[in-house]
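Colleague: Shown below is the structure under consideration.
Number of protein chains: 2
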Amino acid sequence: MDNLLSKEIRVKPNGLNIDCYECPSHHCSLLKYCLPENIDLINNRKRCMSVKKGQQVLYERTLVDKIFFIQTGKVKVYKTGINGKQQIIRLSKTGDILGHRGLNRKLYPISAIALSDTILCGLEVNDFVNVLQTNPNLAYHLMMFYADELYYSEIKTRNLAQFSVREKVADALLNIQESFKMSNECESLGVILSRQEIAEIAGTTKEQVSKNLADFKDEGIIQLNGKEILILDCERLKGIVGISE
Amino acid sequence: MDNLLSKEIRVKPNGLNIDCYECPSHHCSLLKYCLPENIDLINNRKRCMSVKKGQQVLYERTLVDKIFFIQTGKVKVYKTGINGKQQIIRLSKTGDILGHRGLNRKLYPISAIALSDTILCGLEVNDFVNVLQTNPNLAYHLMMFYADELYYSEIKTRNLAQFSVREKVADALLNIQESFKMSNECESLGVILSRQEIAEIAGTTKEQVSKNLADFKDEGIIQLNGKEILILDCERLKGIVGISE
DNA sequence: CGTGAAGTTGATGCTTCTCAAGCGAAGTGG
DNA sequence: CCACTTCGCTTGAGAAGCATCAACTTCACG
Chain A
1 MDNLLSKEIR VKPNGLNIDC YECPSHHCSL LKYCLPENID LINNRKRCMS VKKGQQVLYE
61 RTLVDKIFFI QTGKVKVYKT GINGKQQIIR LSKTGDILGH RGLNRKLYPI SAIALSDTIL
121 CGLEVNDFVN VLQTNPNLAY HLMMFYADEL YYSEIKTRNL AQFSVREKVA DALLNIQESF
181 KMSNECESLG VILSRQEIAE IAGTTKEQVS KNLADFKDEG IIQLNGKEIL ILDCERLKGI
241 VGISE
Chain B
1001 MDNLLSKEIR VKPNGLNIDC YECPSHHCSL LKYCLPENID LINNRKRCMS VKKGQQVLYE
1061 RTLVDKIFFI QTGKVKVYKT GINGKQQIIR LSKTGDILGH RGLNRKLYPI SAIALSDTIL
1121 CGLEVNDFVN VLQTNPNLAY HLMMFYADEL YYSEIKTRNL AQFSVREKVA DALLNIQESF
1181 KMSNECESLG VILSRQEIAE IAGTTKEQVS KNLADFKDEG IIQLNGKEIL ILDCERLKGI
1241 VGISE
C-alpha cells in the first residue's frame, strides 16, 4: 500500500460517503480489524448508496461485483425456492456485511431487500479481496465470522427439520428479537414485519403465523400493538422452543 | 517457525501416524496450502487414531480440544434435537476436516460417528490456530471453505423449509451420492446407510424414506440391491428435486 | 370516505407422522 | 447345524398436523 492514500486526500464526507472513521460501525463491524491503510483504501474506493424500505439491493443469480456494508438500516436476506417462495435466512443491521456469500461465487446465491430506509457502502469485490490478502488478521476474523454464520445456519437447519409450527413461530420471534434488539430487555422485536415475512423466517404460512401469534397473545406471552409485536414473557417463548443451542 | 523441525527429525511413519507427505490427501485437502514448516509442525504434533464403524468420534457440548482430518474413511456429522432426534448436517470423507465447527467455540456444536472404519489425524486446536496465524494463505482458503459450507447449509435450510417429503428424499439421495461418489457415473451412493440415517439427512421419518424409495424403485429411478441403493436415472431424480442451486 | 392490501378465522382436505403387524436377513447359542 | 432372537425394513391404517381456500375484518393511504 503506498502513501498516496494519506489522510490529506481522504474522500470528503458528503452525506452518504462519510469517512469510515466517522462511521457508526467503526468499532463494532469488521472495520475494527482494518489497518489505517485498509481504511484509506476503502474510503477512497467505496461508493455509498441510499435505498428505500422495500427496495431490493441484491439479486440471486446475478454477477457478484460488490460487497456491501450497512452504514445504517435493516435488511432481509433470502433465498428463492419453488414457485418463487422465499426463505429468509438472515436479518442484517447497521454494521453488518452484505453480499459476502458471493465472495467465492460467480453469482450471488441470495437476494436482499431493505426492511427500512438504509444506507449501504459498496466495495468492489477485487478491492475487498485485496484488503483481505494484505491483512491476515482481517481474513482470520472474517473466517471466524463465517464459522459463526455456519453455526447458526446449521442450528436453523435442524430446527426447520424437527420443530412443529408452534415451535418454529416462537423460534422466529426470538431470532428476530435477537437480530434487531434495541436494549437488553426482552421486549420489542425492533422491526415491523408482515405475517408473510415472519412465515418466511419460520418456514410456514402466513395463516399459521397469524393463528400462533393469536395463541401466544391469549397465553399472555406476547402483546400485539398495531403492527408491532411485543414479547412479554421471553422465558416462556424460550420454553416453547425448548432447545436453545 | 524455527529449524528444529527439519525433515531429518520428522515423525517416523508407524501405520497410523503416517508422514503427511505420504498422506493420500496431501494434494486435495487443506494440506496443500500448508508450507513445509507447517507440515513439519503438524507431522510432529498430530496424533492419529483408528475408529471402528459406528464409533462416536465427536460429542456435542464437550470441550473443544482437537481438530481432526480424515486420513481415510467416512463420517456422519449431526446435531441432536428434541428427544435426541438427530439431524445429519454433513457427510465427510477422506481428506475432509472435522471439528472445525468448534474452532470459535468452547463446546463442539455437533457430534460425529464413523460410517466406516476410519483413521483420523488429530491436532490440538492451539497448534492448528498457530499454523493458521502464521500462514495467511491457509487462513484465506479455510475462510473460503467455511463460505462454501455456509452456502450449502443455507440451501439445505431452504430445502427443508419448502420441499415435500418426496423431494426431500430425492435430494438426500443426490447429496449422499455427491458426498461419497466413487466415479463420475451417477450410480452407487458410495456408502451403506440405514433408512433411519437417510431420514435424518432428509428431515423425515424412516417409514417415509422406505415408502418413497419403493416409489422411486417402481418408477425405475433407483435399484435396491440388498442394502445398496443404485441410482439408475440421475436426471429424473434431479427433476424431482427441481431446483438445484 | 373509498379502495386495496394485510390480517384473522374457520372449514376442508391433503400430507405426513405414528403406530403396529408382518417379513426377512443376520447373528447367537445350544 | 438348526432353532431362536434381534434388528432393520416394509406396508397399511388411523390420527394429527399443517396448508389451502374462502369469507370476513381491519388498517393504511390517497
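Which chain is which? The protein sequence lines are A and B, in order.
Going by the numbering used here, 184 is the number at position 184 of the first sequence; the sequence numbering is gapless.
Going by the numbering used here, 1158 is the number at position 158 of the second sequence; the sequence numbering is gapless.
Note that the Cβ used here is the ideal one computed from N, Cα and C, for glycine as well.
Roughly how far, in whole angstroms, is the beta-carbon of Pro1036 of chain B from the beta-carbon of Tyr151 of chain A, given that I think they are within contact range, below 8 angstroms?
Modeller: Pro1036 of chain B to Tyr151 of chain A, Cβ: 33 angstroms. No contact.
Colleague: Drop a sphere of 10 angstroms on the beta-carbon of Arg1101 of chain B, count the other beta-carbons inside from all chains shown, and report buried for 16 or more, exposed for fewer.
Modeller: By the 10 Å Cβ count, Arg1101 of chain B comes out buried.
Colleague: Hey, does Leu142 of chain A have any beta-carbon neighbour from chain B nearer than 8 angstroms?
Modeller: Answer yes: the Cβ-Cβ gap between Leu142 of chain A and chain B drops below 8 angstroms somewhere.
Colleague: Once the 5 residues before and after Ser1006 of chain B are set aside, which same chain residues still bring their CB inside 8 angstroms of it?
Modeller: Note on Ser1006 of chain B: pLDDT 41, under 50, position unreliable in the model; the coordinate value appears next. If we look at Ser1006 of chain B and ignore the five residues flanking it on each side, its Cβ neighbours are Asp1040.
Colleague: Tell me whether Gly1122 of chain B sits in a helix, a strand or coil according to DSSP, three-state version.
Modeller: DSSP places Gly1122 of chain B in strand when its eight states are reduced to three.
Colleague: Restricting to Cα atoms, I'd like to know which of B:Asp1233, B:Gly1220, B:Asp1171 and B:Gly1099 is closest to Tyr1059 of chain B.
Modeller: Of the listed residues, the one whose Cα sits closest to Tyr1059 of chain B is B:Gly1099.
Colleague: Return the first residue and the last residue of the beta strand (DSSP E) that Leu252 of chain A is part of.
Modeller: Since the displayed chain A opens at 1 and closes at 245, residue 252 of chain A lies outside it and no answer follows.
Colleague: When burial is assigned at 16 or more other CB atoms within 10 Å of the CB, is Lys66 of chain A buried or exposed?
Modeller: It is buried - the Cβ of Lys66 of chain A has at least 16 other Cβ atoms within 10 Å.
Colleague: Using the rule of at least 16 other Cβ atoms within 10 Å of the residue's Cβ for burial, across every protein chain shown, is Asn1126 of chain B buried or exposed?
Modeller: Asn1126 of chain B is exposed by the Cβ-count criterion.
Colleague: Please tell me whether Ile1067 of chain B has its Cβ less than 8 angstroms away from any Cβ of chain A.
Modeller: Chain A, which has no Cβ nearer than 8 angstroms to the Cβ of Ile1067 of chain B, makes this no.
Colleague: So what does DSSP say about Arg105 of chain A, is it helix, strand or coil?
Modeller: DSSP places Arg105 of chain A in coil when its eight states are reduced to three.
Colleague: I'd like to know whether the C-beta of Tyr151 of chain A is nearer than 8 angstroms to at least one C-beta of chain B.
Modeller: Yes - at least one Cβ of chain B is within 8 angstroms of the one on Tyr151 of chain A.
Colleague: Say the cut is 7 angstroms; is the CB of Cys1034 of chain B nearer than that to a heavy atom of the ligand FMN?
Modeller: By its list of ligands, the structure shown contains no ligand whatsoever, and the ligand FMN lies outside what it can speak to.
Colleague: Thinking C-alpha only, which one of A:Ile88, A:Glu124, A:Lys52 and A:Lys74 is nearest Lys46 of chain A?
Modeller: Nearest of A:Ile88, A:Glu124, A:Lys52 and A:Lys74 to Lys46 of chain A, Cα basis: A:Glu124.
Colleague: What does the Cβ neighbour count give for Gly1054 of chain B, buried or exposed, with the cut at 16 atoms within 10 Å?
Modeller: That one is exposed.
Colleague: What does Cys20 of chain A pair with, by DSSP beta-bridge criteria?
Modeller: Its beta-bridge partners do not exist; DSSP assigns none.
Colleague: Thinking Ile1097 of chain B and Leu1030 of chain B are a contact (beta carbons under 8 angstroms), I'd like their distance in whole angstroms, please.
Modeller: Rounded, the Cβ-Cβ distance is 6 angstroms, consistent with contact.
Colleague: Which two residues bound the contiguous beta strand (DSSP E) that contains Glu1207 of chain B?
Modeller: First-last for Glu1207 of chain B: Lys1206 to Asp1218, but that is the alpha helix (DSSP H), not the beta strand (DSSP E).
Colleague: For a contact meaning CB atoms closer than 7 angstroms, what does Tyr146 of chain A contact in chain B?
Modeller: In chain order: Met1143, Tyr1146, Ala1147 and Leu1150.
Colleague: In angstroms, rounded to a whole number, what distance separates the CA positions of Lys990 of chain B and Gln1223 of chain B?
Modeller: There is no way to answer for residue 990 of chain B, as the model of chain B reaches only from 1001 to 1245.
Colleague: By Cβ distance, which residues of its chain are closer than 7 angstroms to Gly1084 of chain B, with the 5 residues on each side in sequence left out?
Modeller: Result list for Gly1084 of chain B: empty, nothing under 7 angstroms.
Colleague: What separation, rounded to the nearest whole angstrom, lies between the Cα atoms of Lys238 of chain A and Ile88 of chain A?
Modeller: Roughly 21 angstroms separates the two Cα atoms.
Colleague: Terminal residues of the continuous alpha helix (DSSP H) containing Lys156 of chain A?
Modeller: Taken as a continuous stretch (DSSP letters only), the alpha helix (DSSP H) holding Lys156 of chain A covers Pro136 to Gln162.
Colleague: Please state if the CB of Val77 of chain A and the CB of Ala114 of chain A are separated by a distance shorter than 8 angstroms.
Modeller: Their beta carbons are not under 8 angstroms apart, which means Ala114 of chain A does not touch Val77 of chain A by this criterion.
Colleague: Straight-line CA distance for Gly1226 of chain B to Ser1194 of chain B?
Modeller: Cα-Cα distance, rounded: 12 angstroms.
Colleague: In or out: Asn137 of chain A buried (at least 16 other Cβ within 10 Å) or exposed?
Modeller: The residue in question, Asn137 of chain A, is exposed, as its Cβ has fewer than 16 Cβ neighbours within 10 Å.
Colleague: From what residue to what residue does the beta strand (DSSP E) around Glu1228 of chain B run?
Modeller: Here the beta strand (DSSP E) through Glu1228 of chain B covers Glu1228 to Ile1231.
Colleague: Need the endpoints of the alpha helix (DSSP H) that Asn1225 of chain B sits in, please.
Modeller: Counting along the chain, Asn1225 of chain B falls outside any alpha helix (DSSP H), though it belongs to the beta strand (DSSP E) covering Ile1222 to Asn1225.
Colleague: Can you grab the Cα-Cα spacing for the pair Arg1236 of chain B / Glu1219 of chain B, in whole Å?
Modeller: One C-alpha to the other measures close to 10 angstroms.
Colleague: Rounded to whole angstroms, what's the CA-CA distance from Leu173 of chain A to Val131 of chain A? Just pull it up for me.
Modeller: Between Leu173 of chain A and Val131 of chain A, the C-alpha separation is close to 37 angstroms.
Colleague: Along the chain, where does the alpha helix (DSSP H) containing Leu63 of chain A start, and where does it finish?
Modeller: Note, Leu63 of chain A: premise wrong, no alpha helix (DSSP H); not H, not E.
Colleague: Helix, strand or coil, according to DSSP, for Val75 of chain A in the structure here?
Modeller: Correct three-state label for Val75 of chain A: strand.
Colleague: Which stretch, first to last residue, makes up the beta strand (DSSP E) that contains Ser50 of chain A?
Modeller: Residues Arg47 to Val51.
Colleague: Could you give the DSSP three-state label for Lys1012 of chain B: helix, strand or coil?
Modeller: Because the pLDDT at Lys1012 of chain B is just 47, under 50, the model does not fix this residue reliably, and the point stays unresolved.
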